[in-house]
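The block underneath contains the structure these notes are about, expressed in structure tokens.
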Amino acid sequence: MRHIDINLIDACKPVNWDVDARQWLTEVRNAQDKSAEFTRLGSKWSPFKDNFINQFGDKCWYSEVPRINTDFNVDHFRPKGAVKKAKKTYAMRVVGGQSQKHSGYWWLAFEPKNYRYSCQYANQPRDNGGKHDYFPLQDESTRVWSQCSLTNHNAEVPVLIDPCVLADVQLFSFEKSPGMAHSRFDQATDKTKYERVRTSAKCYNLNHKTVKGKRLEVITSVQQDLKLLESIHGLPQASKQAMQVHVNNAENRLVDACDRKSPFSAAAVAFVKPKKVEPWLANILNRLDLSD
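Mapping of the sequence shown onto the numbering used here: residues 1 to 292, in sequence order.
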């Protein structure tokens with residue numbers, strides 16, 4: 001997972017979005033059956049997809065899976081409909097002695113900064129994973145139940161890792177078991193952070209066999225190129241010159257693998273970054289995007 005700068009999302013708005021969004025939100029607010037109103041309006045957020053692709057690359061923000069012969073979703077990080085605090089338990093509260101189920105964060109349905117470009121593996125329910133309407137909080141008492149701006153949700157601390165929060169993205173590690181997404185922390189060091197990553201990896205299907213396999217392919221390629229550059233660097237000058245084409249190709253592959261728009265680039269960065277001080281990477285260091 002690479003960090004998505006939330007401040008760049010507004011630049012992805014379709015033409016006339018603000019005016020249209022206010023009208024749609026009014027219609028949803030006034031509707032007695034908000035779910036039916038969303039169905040009537042349709043997926044007004046779909047035009048964001050092309051702009052997200054241009055700005056951030058054509059891959060899932062959660063898993064970094066590339067879009068190949070399939071459609072991706074614009075996920076609502078805070079679900080616009082039902083809200084589950086556990087896979088089979090809805091967010092509930094008691095009002096006037098009566099149990100009340102959360103109606104969903106419908107007021108954020110047209111708030112672009114609540115959108116996340118997502119593959120179906122990460123977003124749709126399957127194999128005991130898939131985010132869908134799952135949105136647990138570390139402290140359920142902080143959950144927002146009525147319309148307000150996105151900034152007024154800051155007291156909510158989600159359990160799920162958010163690609164738009166840099167500190168969240170930095171919780172992942174890919175080195176412990178190559179191909180797998182793990183927490184940088186173990187239970188003894190920081191149980192909360194460990195559990196957040198564990199829950200998120202399961203929810204987003206980050207370690208599904210297909211996802212894990214493709215991530216491992218990227219890691220293996222990166223490791224091979226790093227080893228190649230290191231071995232050639234130690235050769236006599238004449239031998240280096242004879243191998244220059246191979247060096248150039250390996251360097252270009254590493255630059256591409258670390259490009260934040262490339263699939264599974266967070267895993268690539270995890271293996272390249274520790275080597276950045278090596279002399280055999282000096283030639284491409286200014287071309288490598290090793291930021292989170």
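Glycine residues also receive a C-beta, built at the ideal position from the N, C-alpha and C atoms.
When the Cα atoms are used, Lys212 and Ser262 turn out to be separated by approximately 16 Å. For Gly129, the secondary structure class from DSSP, reduced to helix, strand or coil, is strand. Along the region 48-113, the alpha helix (DSSP H) occurs as fully enclosed runs of 4 or more residues at 48-56, listed in sequence order. Excluding five sequence positions before and after Ser46, the CB atoms of its chain that fall closer than 7 Å to its own CB belong to Val74, given in chain order. As computed with DSSP, Ser43 is found in no beta bridge at all. Judged by beta-carbon spacing, Asp289 lies within the 7 Å limit of Arg260, meaning their Cβ atoms are closer than that value. Scanning its chain for C-beta atoms nearer than 7 Å, with the 5 sequence neighbours on each side dropped, one finds around Asp58 the residues Pro66, Arg67, in chain order. Restricted to the region 213-256, not a single beta strand (DSSP E) segment is unbroken, complete and at least 3 residues in length. Residue environment: Asn123 is assigned as buried (16 or more neighbouring CB atoms within 10 Å of its CB, all protein chains considered). Taking C-alpha positions only, Ala21 is separated from Lys85 by approximately 28 Å. Two segments are said to touch when three or more pairs of C-beta atoms, one from each, lie closer than 8 Å; by this definition the region 20-35 does not touch the region 185-201. As a beta-bridge residue in DSSP terms, Pro158 pairs with Leu137. Apart from sequence neighbours up to five positions away, the residues of its chain that approach Asp186 with a beta-carbon distance below 8 Å are Tyr194, ordered along the chain. Nearest Cα to Pro79 within the set Pro158, Ser221, Ala257: Pro158.
Tyr115 is bridged by DSSP to His76. Straight across, the Cα-Cα distance linking Asp50 with Val15 is about 13 Å. With a cutoff of 7 Å on beta-carbon distance, Gly104 and Ala82 are scored as near each other. One thing to note: Met180 has its Cβ no nearer than 7 Å to the Cβ of Asn154. Approximately 18 Å separates the beta-carbon atoms of Leu171 and Glu156; this is outside 8 Å, ruling out the contact. According to the DSSP secondary-structure assignment, His182 is paired through a beta bridge with Ser173.
If you compare the alpha carbons of Phe77, Leu235, Tyr62, Arg93 with that of Thr142, the shortest gap goes to Arg93.
Here the alpha carbons of Cys12 and Gln55 stand approximately 8 Å from one another.
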